[in-house]
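The structure under discussion appears below in the form of structure tokens.
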Amino acid sequence: MRKKLASFVVCFLVLTLLVGAVPVAASSPFGPGAVPLTTDEMEEIDGEFSPVVTSVIAGSLVSTASYLITTPSSEWSFAGAVRNAIAGAVSGLVGYLIP
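Residue numbers are given in this note's numbering: position 52 of the sequence shown equals residue 432, and the series is strictly consecutive.
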């Protein structure tokens, strides 16, 4: 019974103390004077990269990082890294095309 009571008290204290850590309102990332774009302005803007390119780059980077993490450094090879980068790029492309 004492363990249950102590566990309850600890959980209650943790939850009540964490409530103060939650911010009341998120601050504006561009400062207090930032003004949102109008619909006309949003239609004029093009993205710098297409989502396909971003997916391919992300897949390539993640796959290469996975190769470097999972393969012992004594067994690293340029061909292995390139092979994983290409596989990751294809995976990113397929992941974009097939939702």
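All C-beta atoms, glycine included, are put in the ideal place defined by N, C-alpha and C.
Being a predicted model, the structure only gives us computed values, none of them experimental.
- Counting along the chain, the unbroken alpha helix (DSSP H) around Ala469 starts and ends at Phe458 to Leu477.
- Here Ser446 is exposed. Its C-beta has fewer than 16 other C-beta atoms within 10 Å.
- Under the Cβ criterion (8 Å, minimum of three pairs), the segment 433-445 does not count as touching the segment 408-424.
- Around the CB of Thr444, 16 or more other CB atoms lie within 10 Å, so the residue is classed as buried.
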